[in-house]
Each structure stands twice: as structure tokens, then as C-alpha cells.
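*Asks:*
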Amino acid sequence: MTEQATGAHHPQPRARSGGQHTPATVEHVTGAQSLIRSLEEVGADTVFGIPGGAILPAYDPMMDSSRVRHILVRHEQGAGHAATGYAQATGKVGVCMATSGPGATNLVTPIADAHMDSVPIVAITGQVASKAIGTDAFQEADICGITMPITKHNFLVTKAEDIPRTIAEAFHIASTGRPGPVLVDIAKDALQAQTTFSWPPVMDLPGYRPVTKPHAKQIREAARLITQAKRPVLYVGGGVLKARATAELKVLAELTGAPVTTTLMALGAFPDSHPLHVGMPGMHGSVTAVTALQKADLIVALGARFDDRVTGKLDSFAPHAKVVHADIDPAEIGKNRTADVPIVGDAREVIADLIQAVQAEHTEGRVGEAARQGYAAWWKDLNRWRETYPLGYDQPEDGSLSPQQVIERIGRLAPEGTVFAAGVGQHQMWAAHYIEYEKPATWLNSGGAGTMGYAVPAAMGAKVGQPGRTVWAIDGDGCFQMTNQELVTCALNNIPIKVAIINNGALGMVRQWQTLFYNQRYSNTVLHSGPASELPENRGTRVPDFVKLSEAMGCVALRCEDPADLDKVIAEANAINDRPVVVDFIVHEDAMVWPMVAAGTSNDEVMAARGVRPDFGDSEDD
0 MTEQATGAHH PQPRARSGGQ HTPATVEHVT GAQSLIRSLE EVGADTVFGI PGGAILPAYD
60 PMMDSSRVRH ILVRHEQGAG HAATGYAQAT GKVGVCMATS GPGATNLVTP IADAHMDSVP
120 IVAITGQVAS KAIGTDAFQE ADICGITMPI TKHNFLVTKA EDIPRTIAEA FHIASTGRPG
180 PVLVDIAKDA LQAQTTFSWP PVMDLPGYRP VTKPHAKQIR EAARLITQAK RPVLYVGGGV
240 LKARATAELK VLAELTGAPV TTTLMALGAF PDSHPLHVGM PGMHGSVTAV TALQKADLIV
300 ALGARFDDRV TGKLDSFAPH AKVVHADIDP AEIGKNRTAD VPIVGDAREV IADLIQAVQA
360 EHTEGRVGEA ARQGYAAWWK DLNRWRETYP LGYDQPEDGS LSPQQVIERI GRLAPEGTVF
420 AAGVGQHQMW AAHYIEYEKP ATWLNSGGAG TMGYAVPAAM GAKVGQPGRT VWAIDGDGCF
480 QMTNQELVTC ALNNIPIKVA IINNGALGMV RQWQTLFYNQ RYSNTVLHSG PASELPENRG
540 TRVPDFVKLS EAMGCVALRC EDPADLDKVI AEANAINDRP VVVDFIVHED AMVWPMVAAG
600 TSNDEVMAAR GVRPDFGDSE DD
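Once you know that position 410 of the sequence shown is 409 in numbering that gives the first Met the number 0, the rest is easy, because the numbers rise by one and skip nothing.
(1) Measuring only the C-alpha atoms, how far is Arg468 from Thr441?
(2) Distance, Cα to Cα, Ala608 vs Ile406?
(3) Just curious, the alpha helix (DSSP H) that Trp471 is in, first and last residue?
(4) Just list the beta strand (DSSP E) runs in the region 455-506, keeping only unbroken ones of 3 residues or longer that don't cross its boundaries, in chain order.
(5) Looking at the structure shown, is Phe419 part of a helix, part of a strand, or coil, going by DSSP?
(6) On a Cα-Cα basis, can you pick out the residue from Ala420, Gln193, Val586, Ala330 that is closest to Asp393?
(7) Can you tell which of Gly100, Leu266, Cys559 has the C-alpha that lies nearest to the C-alpha of Gly398?
(8) Give the single residue among Ile327, Ser99, Ala300 whose Cα lies nearest to the Cα of Thr337.
(9) Which word fits Gly416, buried or exposed, when buried means at least 16 other C-beta atoms lie within 10 angstroms of its C-beta?
(10) Quick check: the region 276-289 against the region 303-314, are at least 3 beta-carbon pairs closer than 8 angstroms?
(11) Tell me where the alpha helix (DSSP H) around Phe170 begins and ends.
(12) Can we say the region 270-277 touches the region 421-440, given the rule of at least three CB pairs closer than 8 angstroms?
(13) Who does Lys321 pair with in a DSSP beta bridge?
(14) Assuming Trp83 and Ala113 are in contact, meaning their beta carbons sit under 8 angstroms apart, how far apart are those beta carbons, in whole angstroms?
(15) Given that a residue counts as buried once 16 or more other Cβ atoms are within 10 Å of its Cβ, and exposed if not, what is Lys321?
(16) Label Val183 either buried or exposed according to how many other C-beta atoms from any shown protein chain fall within 10 Å of its C-beta, with 16 as the threshold for buried.
(17) Any idea what DSSP makes of Gly144, helix, strand or coil?
(18) With DSSP run on the structure shown, which of helix, strand or coil describes Phe615?
(19) Let me confirm a value: Thr255 is counted as buried when at least 16 other C-beta atoms fall within 10 Å, else exposed. Which label applies?
(20) I'd like the list of long-range same chain contacts for Ala570, defined as Cβ closer than 7 angstroms, with 5 residues on each side in sequence excluded.
(21) Can you give the beta carbon distance from Ala295 to Arg230, rounded, assuming they're within the 8 angstroms contact cut?
(22) Expressed to the nearest angstrom, what Euclidean distance is found between the alpha-carbon atoms of Leu486 and Ala572?
(23) Does the distance from the CB of Ser33 to the CB of Ile162 come in under 8 angstroms?
(24) For the alpha helix (DSSP H) that contains Val568, what are its first and last residues?
(25) If you compare alpha carbons, which of Gly176, Val181, Thr146, Gly238 is closest to Val94?
(26) Starting from Glu407, follow its DSSP beta bridges and name the residues at the other end.
(27) Tell me whether Thr134 is buried or exposed, calling it buried when 16 or more other Cβ atoms sit within 10 Å of its Cβ.
(28) Which residues in the same chain as Ala325 place their Cβ atom closer than 6 angstroms to its Cβ, once the five residues preceding and following it in sequence are excluded?
(29) Please specify which runs of the beta strand (DSSP E), each continuous and at least 3 residues long, are wholly inside the region 92-133, giving them in chain order.
(30) From this set, Pro258, Leu240, Met451, Thr98, which residue's C-alpha is nearest Asn382's C-alpha?
(31) List the endpoints of the continuous alpha helix (DSSP H) containing His426.
(32) If you run the structure through DSSP and keep just helix, strand and coil, what is Pro56?
(33) For Pro613, count the other beta carbons within 10 Å of its own beta carbon; 16 or more makes it buried, fewer makes it exposed. Which is it?
(34) Look up His80 in the DSSP assignment and say whether it is helix, strand or coil.
(35) Once DSSP output is grouped into helix, strand and coil, what is the label at Thr290?
(36) Which residues bound the beta strand (DSSP E) around Glu26?
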């Protein structure tokens, strides 16, 4: 078995949940020292953050040879996304830290992002002194109340003696069950108070018992449906990556012979090059993947949540399919689509049990004709769609750079094991389509929240967590202008990420919608022009000049406008590994993302290209 199949499921904090325990030597410390010691004990090695008044006591003990590396970011949003990128790239819990009030509220976006994408992070915030809470004190904000809907759990700590237990519980909650963000808000006087420190603490979480082992009867019923189906599809979501179940998934797919579609959050869970892989489903998914789900008679959803970007108009989604839905979060099952066979459990254990159950069906001869023939009729349809409607793009007639080609060549020329982090928009979809993802933890993006500004700080966090791997941030010129200040953090902390700015001078995805649905009325989507750009001295220039901006932040900066220079520029960027590198790719502004299912419409109305609706003909089983 591979490391993916045998490695630990989730990192666990070294603490006990009850009963007898033998604590380490009791130490007399401040609450702040207790916090840093607790972080060391749970295995945190990196914290991304910015000090401020309420959290300041926690920063002092960091100077005393702590094993925790603190990386001083330029904005708290950068700290949160960096913690997310670190967690996604390593499988460990990411940690960010901020002060009270605006410091804490600047973490709201990355916390919401981590919540939507089930990423294990712990956000530690300072709070005003306990006696001042509720008085509208300087830089006070009820961050627990603010983040309650977007955290898996959060804590307000007002007593120094509660800090070790709270940190142990926070890491345990963040990393087990369905992973997610946990916030720990600590009053300043709790950080300043004298206390004792001993480890491990006794965790007190009586209501927290994630179910990981699936019910055997449900597994048997799912296996029966798989072996009796004529047109099954394995619909794989990000939960398979979170459960480190990619090796098991490959075994199940090859055992059944069913097509596999991996969502935006699951890219890399199943090799893109595998013949059973039919692509990514959804609004901008491949025609084959979208149509496979629509025509299926059985959908086996593994760690996926039937979100609206996959289903399109929900009441017309996969109208003939029975559904097996396996998820570790029971709240997801039946939330959007009724499950014929609901299975609550960890994806790795579910898939492992499904393998055994399907094998038993074969051994005992309870296999339908379609499964016995390897779903030959189904694959005849799938291969016809795959050959007729492949992914592709046209080169611009004016000789300018194609954004798809830029991203495709970055993927082809990148060293093996490269991690790619994408912003949100057209470049995100092109990176999903035109880079091949063969292994887990090589694709990071903001899927659920769709957060512009995610790529640069997430790439920074990934590089910190995986210093031996190349990390490329694929960003748009709109996204880049939201969080590019973290390049200063990278330059000063020896974090040599590479950034590709897919610069079309516009908010590309919004512009695409304006082209298609708003009669080409481009209201407020052009980024590089305005009244000042019409002045004689400014005509013909783009503001800002990303090369000059990046150089000012301590990076090597390159620009590419000619397709003939593309490979040479990418190779030059790949060869620089001692500083961050930014490449400004000036690309054609009218390129669009295809395929596309317009928002609110049925997946049956997928367009392979502008105005082109596929003709699927009659299926073998129709």
C-alpha cells in the first residue's frame, strides 16, 4: 500500500480525553507562555500572524527559543489564507494569530473560506481584558459571535489555567471528523496572569464523537447497487483528499470499472491521466463529466456535497440516478439531493469497506450483465462524448498570448511534485482544466467561498509547509491586487514562491458574464484604465506596472507578451529558487472559459463553446 493508504488519518494533538494521565513536570508560567508551550505540544511548528495590543503578551515568549516559527505577514487576511495553504499542502493544522477588533475581523474571510472547504485551521485572537468585554472597549469585537456561523467551534478563554486544555481541544476538533476552522479568543488578562503548565491536559468534549466507521448494511446495499447498475459514476469530492483515501479510491475505481469525476476540490484525488477519469463536473466542468452525471443511473458520491456549482438547476440534476451518498458529516447527506443509500463515515473507511463488499458481490456471483462486461455500453457513450467534446482553446488571431496556453505550459514545465495554488475566476478554471493533477495535495484553491486574493498567501503557506517543493500561484490581475503585499513577507522570510499573473486587464470572469448576459456592457470590470490613463504621459501603460511593483517588494520580476518567449520565460522562473518570482503574462482579454452551464440552468444545457450545445445522440441503453 502507498503512503496515502497507510499514513495516519489526521494528526492528533497529544492530549487525553479523560481518565488517568501522567502530566509532565508542572511549571509556573504566564498564560502567554502556557499558550506557546501548548502550541509546541500539539505539534504546531508555524504561526502566521501580526501582533497588536490584546495579543501582545503572546508575542513576548516567542523570542525565547520557541520551536514555533512565527511569520510576520502584512495583513491578517494573508495570515488566514497562509494557514489554509499550509494545511492543504501538509495535511496538518494551520495556525494564524491576530489581535482583537480589526485584527480579528480581518481573519473572517479566510475563516469562512476554510469553513466552506473543510480545512483544519486554528485561529488564535487576542481579546480585551475580561472585565472590559461587553463595554465597547478600544479594539473590542465579539469575534466569537461574529465567527459562530463560519467555525466548526470557537472558544472564549478568560482564565489562564484553561489555555492548555482549550488549545488541545481546538486542534482535536479542527483535525478530526469533518475538518474545519476553530477560533480561540483569549482575553489579555488571561495571557498576562500567572498559572501552572502541565501536559497533557484532559479534554472535555462529551458531545463531540464523529462517526468514522460506516454501517455494514449500508455498505452492502451500496455494493449491490454498484454491481447492478448500467451507468454508474463515482462522484468524488474533497472529502476523499481530507481522509487520505486516494489509494483506496483507485482500487475501487479499477475494481468496478466505473467512470470517475473529481470536483474542483478533489483534483489530484484520482490521476487526471487515468483512463477511468472523465474530468471535473460542474458549471465549467468537462462536457463528458457533466453529461455522465446527467445520464447516470447510479451516482456514488464520496466526500462530496452536491453543491450548486456541480448540480446546476437542482430539480433537473441526474434525473434517472439512484444516489449512494457517503460523507463524514451527516448534515450533508440529503441536504441537497435525497440519498437512496446514506452512509455516514470517514471516506477512507467507507471506500475500504466498499472494496470488500463489491469483491464479495463478484465472488458470490451477484453481478449484473453491464458490470460483468465492464460497463461496455456505458463506456462507448462516454468515449464518444470525450472524443467529440474534448477540452480545448483557440489561439488569438492577433498573435497575443492565450491565457490557457500560458497555464498549460506552466503545468508542463513545472518540476515533478509542484504545488499549484489558484485565485478565483477564469484563471482558476483554466488551471483546473489545463494542468494535469496526478497526486493529492498538488492543487489548492478557494472552492466554496470563491475568495479573490487567496492564491499568493496560500502559496506562501504551502511553501512553508513543503519547502522542498516548487509552488506556483496562478493568479489573475484582479486577485493579485488584493493580497500581493504578502510577497514582501515571502521576500523577507526566504519563501521563494512563483507567481503567474494572468493579466488580461480586467475582472475576467465577471467580464465574461457581461459579454454573455449583459450585452457586452462592461461596467466596472476594466482594471488598468480610467481617467488618469487617458493623460498623454500615461497612454499605453498599464497601472500598476506589476514588474516594478514586484521588484519593489523584493521579488525577481519578469514580463511575457510574445508566445515565442513563453517557454523561455517559464524556464527562467523555474530556475530561480532563492527569491520569490513574479511573471506578468499579458494575455488576450477576450478569452472565455468553456464549457459552461449558465447559472440557474440545467446541466442538460451545457455549452461546449459559445452558443454550441452538444448533440449526445441516443445512448446505448436508451
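From the three backbone atoms N, C-alpha and C, an ideal C-beta is built for every residue, glycine too.
Just so you know, these numbers come straight off a predicted model, no measurement behind them.
*Replies:* Let's see:
(1) Distance between the alpha carbons of Arg468 and Thr441: 10 angstroms.
(2) Cα to Cα, the separation comes out at about 19 angstroms.
(3) From DSSP, Trp471 is part of no alpha helix (DSSP H) but of the beta strand (DSSP E) over 470-475.
(4) Entirely contained in the region 455-506, the beta strand (DSSP E) runs reaching 3 residues are, in chain order, 470-475, 497-502.
(5) Three-state result, Phe419: strand.
(6) Answer by Cα proximity: Val586.
(7) With distances taken between Cα atoms, Gly398 lies closest to Cys559.
(8) Out of Ile327, Ser99, Ala300, the CA that lies nearest to the CA of Thr337 is found in Ala300.
(9) That one is exposed.
(10) Verdict: yes, contact present.
(11) Counting along the chain, the unbroken alpha helix (DSSP H) around Phe170 starts and ends at 162-174.
(12) When Cβ pairs closer than 8 angstroms are counted between the two stretches, the region 270-277 is seen to touch the region 421-440, the count reaching three or more.
(13) DSSP lists Leu297 as partners of Lys321.
(14) In the sequence as presented, Trp is not what sits at residue 83; that position holds Thr. With a Cβ gap of about 5 angstroms, Thr83 and Ala113 count as contacting.
(15) Buried is the call here.
(16) By the neighbour-count rule (16 or more Cβ atoms within 10 Å), Val183 is buried.
(17) Helix, per DSSP.
(18) Correct three-state label for Phe615: coil.
(19) Residue environment: Thr255 is assigned as buried (16 or more neighbouring CB atoms within 10 Å of its CB, all protein chains considered).
(20) If we look at Ala570 and ignore the five residues flanking it on each side, its Cβ neighbours are Leu412.
(21) Contact flag correct, Cβ pair sits at about 5 angstroms.
(22) Leu486 and Ala572: Cα-Cα distance of roughly 15 angstroms.
(23) It is a contact, given that the beta carbons lie within the stated cut-off.
(24) Annotation for Val568: the continuous alpha helix (DSSP H) segment containing it runs 565-574.
(25) Comparing Cα-Cα distances from Val94 to each of Gly176, Val181, Thr146, Gly238, the minimum goes to Val181.
(26) Answer is none; Glu407 lacks a bridge partner.
(27) Under this definition Thr134 is an exposed residue.
(28) Leu301, Ile342, Val349, listed in sequence order.
(29) Assignment of beta strand (DSSP E) within the region 92-133, counting only whole runs of 3 or more residues, yields 93-97, 120-126 in chain order.
(30) Closest by alpha carbon: Pro258.
(31) Per DSSP, His426 belongs to the alpha helix (DSSP H) from 425-433.
(32) Here Pro56 carries a helix assignment [DSSP, helix/strand/coil].
(33) It is buried - the Cβ of Pro613 has at least 16 other Cβ atoms within 10 Å.
(34) Secondary structure at His80: helix, using DSSP grouped into helix, strand and coil.
(35) Thr290 falls in the helix class under three-state DSSP.
(36) From DSSP, the beta strand (DSSP E) with Glu26 extends over 26-29.
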